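For the sequence shown, position 1 matches number 1 in full-length UniProt numbering, and the numbering has no gaps at all.
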Amino acid sequence: MRADRLIAVLLLMQSRGRVTAAELAAELEVSVATARRDLEALSAAGVPVYPQPGRGGGWSLLGGARTDLSGLSATEAQALFLLVGPAAAASDEARAALRKLVRALPRTFRADAEAAASATMIDPTRWGERDRSRPEMVDRLQAAVVRRRKVRLTYAGRTRERTERLVDPWGLVDKDEVWYLLAGTERGRRTFRVDRIVEAEPTDEPAERPDDFTLAAAWQEVVGEVERRRSRTWATVLIEARFVPVLRDHFGRHCEVGHGSDERGRATVRVGAPTPLDIARQLAGWGALVEVLEPAPVRAELARIGAELAARYADAS
1 MRADRLIAVL
11 LLMQSRGRVT
21 AAELAAELEV
31 SVATARRDLE
41 ALSAAGVPVY
51 PQPGRGGGWS
61 LLGGARTDLS
71 GLSATEAQAL
81 FLLVGPAAAA
91 SDEARAALRK
101 LVRALPRTFR
111 ADAEAAASAT
121 MIDPTRWGER
131 DRSRPEMVDR
141 LQAAVVRRRK
151 VRLTYAGRTR
161 ERTERLVDPW
171 GLVDKDEVWY
181 LLAGTERGRR
191 TFRVDRIVEA
201 EPTDEPAERP
211 DDFTLAAAWQ
221 EVVGEVERRR
231 SRTWATVLIE
241 ARFVPVLRDH
251 FGRHCEVGHG
261 SDERGRATVR
271 VGAPTPLDIA
281 RQLAGWGALV
291 EVLEPAPVRA
301 ELARIGAELA
311 ARYADAS
């Protein structure tokens, strides 16, 4: 554990310039005496660290010296470059950063890291589609998130009515090729579709963000709420077991397969959607392959759709 801690000490000194033994102790959760011994051990090992006594003093790297020690193991380096390698194709800046990361690694790790970085590529364009580029609005909002500056948005809601609001941008999420901005407003956290943002004017006013905010956790809450709205109505259906994977593909996470089967070998499945009509519309194309047991509103919608189709195409036969 001490070797890992000494690496952490070096990285902290590189990022902060000067640290005290007390600051190191608090950061690494060790005693002040242990932190002081670690600093002295680095100095004894030839690392150019030196103490500066008196008020405002502390320990520094001599002349602002830096070390190329990354603290990564061989497997950690490979895992990192497998992850960031495909993403580096997005911009010249990302590729330059990746090259610097390679040079920062110990020489024995570099070949494997470079191989890992080029082992995978990502082509987000579907077959038959033209290449897509990230919207310019995303770059503008991302800069405001990084700089922590408020943004004045002109936003077109579902009704296309435009409103203007000043928000604290907290983070951006790309989900299924649609970008979302999570931001703080006077009414709390809100989620904005980037393709509905008409204008975004960064300001010089500092943005506020809760100390305990993490983008991943906040987005999971958003996803949970959206998915709950998308499954307010549930229906129980019977379907041949061989068609269950297809039904699951249609309804995604809003498809729950029960245990056992009826006397005809059909599986019991629950499917969810916002309204009875939404479920009926998705099931109508299955015809007699699916039998809806309940609720009654879904059965009624299916009967109505069937009657409409029968009336429309009565002379087709």
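Quick reminder that beta carbons are idealized off the backbone N, C-alpha and C, glycines included.
Just so you know, these numbers come straight off a predicted model, no measurement behind them.
- Our two residues, residue 145 and residue 123, have alpha carbons roughly 27 Å apart in a direct line.
- Residue 81 is not a Cβ neighbour of residue 41, given a cutoff of 8 Å.
- Contact between the region 257-264 and the region 209-222 is absent, with fewer than three C-beta pairs closer than 8 Å.
- By a beta-carbon distance limit of 8 Å, residue 86 contacts residue 121. Their separation comes to about 5 Å.
- DSSP places residue 314 outside any alpha helix (DSSP H), giving it a letter other than H or E.
- By a beta-carbon distance limit of 8 Å, residue 156 does not contact residue 223. Their separation comes to about 23 Å.
- With 16 or more other Cβ atoms inside 10 Å of its own Cβ, residue 272 counts as buried.
- Collapsing the DSSP output to three states places residue 286 in coil.
- DSSP links residue 52 through a beta bridge to 58.
- Membership of residue 126 in any beta strand (DSSP E) is not indicated, and neither H nor E is assigned to it by DSSP.
- Looking at the backbone, the Cα of residue 79 and that of residue 152 are separated by about 39 Å.
- Here the alpha carbon of residue 254 sits roughly 11 Å from the alpha carbon of residue 229.
- Under the Cβ criterion (8 Å, minimum of three pairs), the region 193-208 does not count as touching the region 229-240.
- Of the residues 34, 295, 168, 62, the one whose Cα lies closest to the Cα of residue 213 is 168.
- Scanning the region 240-279 for uninterrupted alpha helix (DSSP H) segments of 4 residues or longer gives 244-251, listed from N- to C-terminal end.
- Judged by DSSP secondary structure, residue 200 falls within the beta strand (DSSP E) whose first and last residues are 197-206.
- About 19 Å separates the CB atoms of residue 162 and residue 180; that is not less than 8 Å, and the two are not in contact.
- In the structure shown, residue 169 falls within a strand segment according to DSSP collapsed to helix, strand and coil.
- Across the set 97, 148, 176, 74, the C-alpha of 176 shows the shortest separation from the C-alpha of residue 126.
- In the same chain as residue 166, and ignoring 5 residues on each side of it, the C-beta atoms closer than 7 Å to its own belong to 150, 152, in chain order.
- In the three-state scheme derived from DSSP, where H, G and I count as helix and E and B as strand, residue 213 is classed as coil.
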